[in-house]
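To start, the structure itself, in structure tokens.
Number of protein chains: 2
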Amino acid sequence: MPARKKKKQRAPAYAVSEFTPARLSIYLRCLKDLEKSGVKTTSSRDLAERYHLNAAQIRKDLAYFGAFGVRGVGYYTSDLKAHLRGILGLDRPLGIAIVGAGNLGRALADYQGFHQAGFQIVALFDNDPDRVGRQSRGGVVIRHSDELPDVARAGDIDVAVIAVPAPVAQAVVDSIVATGVKAILNFSPSAIKVPAGVKVKNVEFTISLESLSFFLAQGSKANAAPNKIL
Amino acid sequence: MPARKKKKQRAPAYAVSEFTPARLSIYLRCLKDLEKSGVKTTSSRDLAERYHLNAAQIRKDLAYFGAFGVRGVGYYTSDLKAHLRGILGLDRPLGIAIVGAGNLGRALADYQGFHQAGFQIVALFDNDPDRVGRQSRGGVVIRHSDELPDVARAGDIDVAVIAVPAPVAQAVVDSIVATGVKAILNFSPSAIKVPAGVKVKNVEFTISLESLSFFLAQGSKANAAPNKIL
DNA sequence: TTTTGTGAACTAGTTCACAGCT
DNA sequence: AGCTGTGAACTAGTTCACAAAA
Numbered sequence: 002m003p004a005r006k007k008k009k010q011r012a013p014a015y016a017v018s019e020f021t022p023a024r025l026s027i028y029l030r031c032l033k034d035l036e037k038s039g040v041k042t043t044s045s046r047d048l049a050e051r052y053h054l055n056a057a058q059i060r061k062d063l064a065y066f067g068a069f070g071v072r073g074v075g076y077y078t079s080d081l082k083a084h085l086r087g088i089l090g091l092d093r094p095l096g097i098a099i100v101g102a103g104n105l106g107r108a109l110a111d112y113q114g115f116h117q118a119g120f121q122i123v124a125l126f127d128n129d130p131d132r133v134g135r136q137s138r139g140g141v142v143i144r145h146s147d148e149l150p151d152v153a154r155a156g157d158i159d160v161a162v163i164a165v166p167a168p169v170a171q172a173v174v175d176s177i178v179a180t181g182v183k184a185i186l187n188f189s190p191s192a193i194k195v196p197a198g199v200k201v202k203n204v205e206f207t208i209s210l211e212s213l214s215f216f217l218a219q220g221s222k223a224n225a226a227p228n229k230i231l
Numbered sequence: 002m003p004a005r006k007k008k009k010q011r012a013p014a015y016a017v018s019e020f021t022p023a024r025l026s027i028y029l030r031c032l033k034d035l036e037k038s039g040v041k042t043t044s045s046r047d048l049a050e051r052y053h054l055n056a057a058q059i060r061k062d063l064a065y066f067g068a069f070g071v072r073g074v075g076y077y078t079s080d081l082k083a084h085l086r087g088i089l090g091l092d093r094p095l096g097i098a099i100v101g102a103g104n105l106g107r108a109l110a111d112y113q114g115f116h117q118a119g120f121q122i123v124a125l126f127d128n129d130p131d132r133v134g135r136q137s138r139g140g141v142v143i144r145h146s147d148e149l150p151d152v153a154r155a156g157d158i159d160v161a162v163i164a165v166p167a168p169v170a171q172a173v174v175d176s177i178v179a180t181g182v183k184a185i186l187n188f189s190p191s192a193i194k195v196p197a198g199v200k201v202k203n204v205e206f207t208i209s210l211e212s213l214s215f216f217l218a219q220g221s222k223a224n225a226a227p228n229k230i231l
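Keeping their order, the protein sequence lines are chains A and B.
With the first sequence counted from 1, adding 1 to any position gets you the working numbering.
With the second sequence counted from 1, adding 1 to any position gets you the working numbering.
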């Protein structure tokens, strides 16, 4: 056997780009907008021009999941929208639990954007006895964190939102993962670890702000780069 | 002149990756943590192991801004931290104005993470007369949006945070950009447009949630991909 | 003719691996 | 010996450009 020198045998790879799901979400938002405006038919070019996207990328992103267009015509707005909802798993109710009922947690519980996008706030948890039993401005009752496993095991929690202080975030995440929750939206400024099979999305205000500060500080030096949507 | 067929003459390009500023922010967070633990010296390998980063990437990211290490030794914690603060422009006070005093805007005004990271909330604006004059839970007074230009022109606003409903976001952004603000943190679910030279970072809860939903829906099919920090 | 869907070409970003310094 | 800083190799992601379909 000829010893090939560290030739790398590759796994099949993920094919779909890390950013594709986020872009699909944007496309869906665009289609909702078009539908509201009464536009029955669109095309990758039309979408690209209206919303400052790239036509080829739209087609590539969609191509991974199927062929939803009609050559020479484009896409039927409501048809493509339905496909995207399916791909994104939004064609069924999604339950969200928020852990941490501080300012941020309560604001998130009342945030209308979640409801508008079809997500349901299932519960708001905190371990501070002074908070338990009270409710958010919008009327979401704060329950004790001890109840989380019961709610989770009832299968009502699809996504757990972490809105606790950074020092306790990892412990909270560990207990949530133990109940079988597979998706976490983390608002705490800490790099949490989860086992394979659990997906985490970090929403990092501080990092975003510091990146902006960087661009202010560096000025035109490092950055004539265009703003990206993501 | 030999007609070269669409040979592309390239601009110098941006050299530093789009994600580098965000990673620098993470490195800074790590260094703060190390300093608090009394660790005087570290290395790219040490940082990578402790915080699950990539040693080569840390060195590459830093290399763009200078040579801050000592060969054979590594980096002096407080020294590298100071350099990063300088690169990120955090060695001076940064003023933040929040526009939109709904649940989210008020929660952001009270969010301790901003203060901890050295940002100063300069003002909280809203155009609803019922809100103007009242204050957030944490005591930040809500001022009328009409006052924004005065505050901005006084030079107190480095970053404007957009926490208004999507339909009015673009109009609000336009007026802010007109006052000379160069950095915007956008929490509204809308693709806002700004002129070149203005930097926007979008914080999209809905997109993050829908991406999580995607991974739940697709299951192991499309995604054995590891969780990224960013 | 128009616009999709897609291989091929290209660009950006990451990781390797090692020369060079301490 | 150990670790940085960096060109080179590699991988991922984007855009081009065109054959195929309606």
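For each residue, glycine too, the CB sits at the ideal point set by N, CA and C.
- Across the region 123-140 of chain A, CB contacts with chain B closer than 9 Å involve 137, 138 and 139, in sequence order along the chain.
- Contact annotation: the region 98-116 of chain A touches the region 107-116 of chain B, with at least three C-beta pairs closer than 8 Å.
- For residue 160 (chain B), the chain A residues whose Cβ falls inside 7 Å of its Cβ are 210 and 213, in order along the chain.
- Close partners of residue 53 (chain B) in chain A (Cβ separation under 8 Å): 192 and 194.
- Residue 32 (chain A): member of the alpha helix (DSSP H) spanning 21-37, first to last residue.
- Secondary structure at residue 127 (chain B): strand, using DSSP grouped into helix, strand and coil.
- A contact between stretches requires three or more CB pairs, one per stretch, nearer than 8 Å, and the region 129-138 of chain A fails this requirement with the region 76-86 of chain B.
- Selection A:128, A:121, A:211 and A:184 evaluated against residue 165 (chain A) yields A:128 as nearest (Cα-Cα).
- Distance from residue 195 (chain A) to residue 55 (chain B) at the Cβ level is roughly 19 Å; contact not present, criterion being Cβ atoms closer than 8 Å.
- Taking the beta carbon of residue 23 (chain B) as reference, the chain A residues within 7 Å of it are 208 and 212, listed in sequence order.
- Contact note: residue 112 (chain A) reaches chain B through 104, 105 and 206, using a C-beta cutoff of 8 Å and chain order.
- Distance between residue 38 (chain B) and residue 59 (chain B), taken at the CA atoms: about 21 Å.
- Looking from the CA of residue 214 (chain B), the closest CA among A:226, A:200 and A:220 belongs to A:200.
- Within the region 25-44 of chain A, the residues whose Cβ lies closer than 8 Å to any Cβ of chain B are, in chain order, 25, 26, 27, 29 and 30.
- In the DSSP annotation of this structure, residue 114 (chain A) is not part of any beta strand (DSSP E); the continuous alpha helix (DSSP H) holding it starts and ends at 113-117.
- Residue 144 (chain A) carries a strand assignment under DSSP once its states are collapsed to helix, strand and coil.
- Rounded to the nearest angstrom, the gap between the Cα atoms of residue 40 (chain A) and residue 30 (chain A) is 14 Å.
- Within 7 Å of the CB of residue 201 (chain B), the CB atoms of chain A belong to 228, in sequence order along the chain.
- Taken through DSSP and simplified to helix, strand or coil, residue 78 (chain A) comes out as helix.
- Contacts between residue 120 (chain A) and chain B, judged by CB atoms closer than 8 Å, involve 210 in chain order.
- For residue 184 (chain B), the closest alpha carbon among the candidates A:187, A:153, A:212 and A:206 is that of A:212.
- For residue 155 (chain A), there is no enclosing alpha helix (DSSP H), as DSSP gives it neither H nor E.
- Your pair residue 98 (chain B) and residue 149 (chain B) checks out as a contact, with CB atoms roughly 7 Å apart and the cut at 8 Å.
- Listed in chain order, the non-local C-beta contacts of residue 158 (chain B) below 7 Å within the same chain comprise 96, 98, 123, 152 and 182, local neighbours out to five positions each way being set aside.
- In its chain, beyond the 5 residues on either side, 231 have a beta carbon closer than 6 Å to the beta carbon of residue 20 (chain A).
- In terms of Cα proximity to residue 177 (chain A), the closest of A:191, A:192, A:154 and A:188 is A:154.
- Nearest to residue 65 (chain B) by C-alpha distance, out of B:172, B:168, B:47 and B:88, is B:88.
- In this structure residue 141 (chain B) is buried. Its beta-carbon is surrounded by 16 or more other beta-carbon atoms within 10 angstroms.
- For the options B:17, B:67 and B:74, the alpha carbon positioned closest to that of residue 45 (chain B) is the one of B:74.
- Here residue 62 (chain B) is buried. Its C-beta has 16 or more other C-beta atoms within 10 Å.
- Below the 9 Å Cβ cutoff, chain A contributes 87, 88, 89, 90, 91, 92 and 93 as neighbours of residue 218 (chain B), in chain order.
- With fewer than 16 other Cβ atoms from the protein chains shown falling within 10 Å of its own Cβ, residue 71 (chain A) counts as exposed.
- For residue 188 (chain B), the three-state secondary structure derived from DSSP is coil.
- The C-beta of residue 186 (chain A) comes closer than 8 Å to at least one C-beta of chain B.
- Taking 8 Å as the cut-off, the Cβ atoms of residue 91 (chain B) and residue 119 (chain B) count as close.
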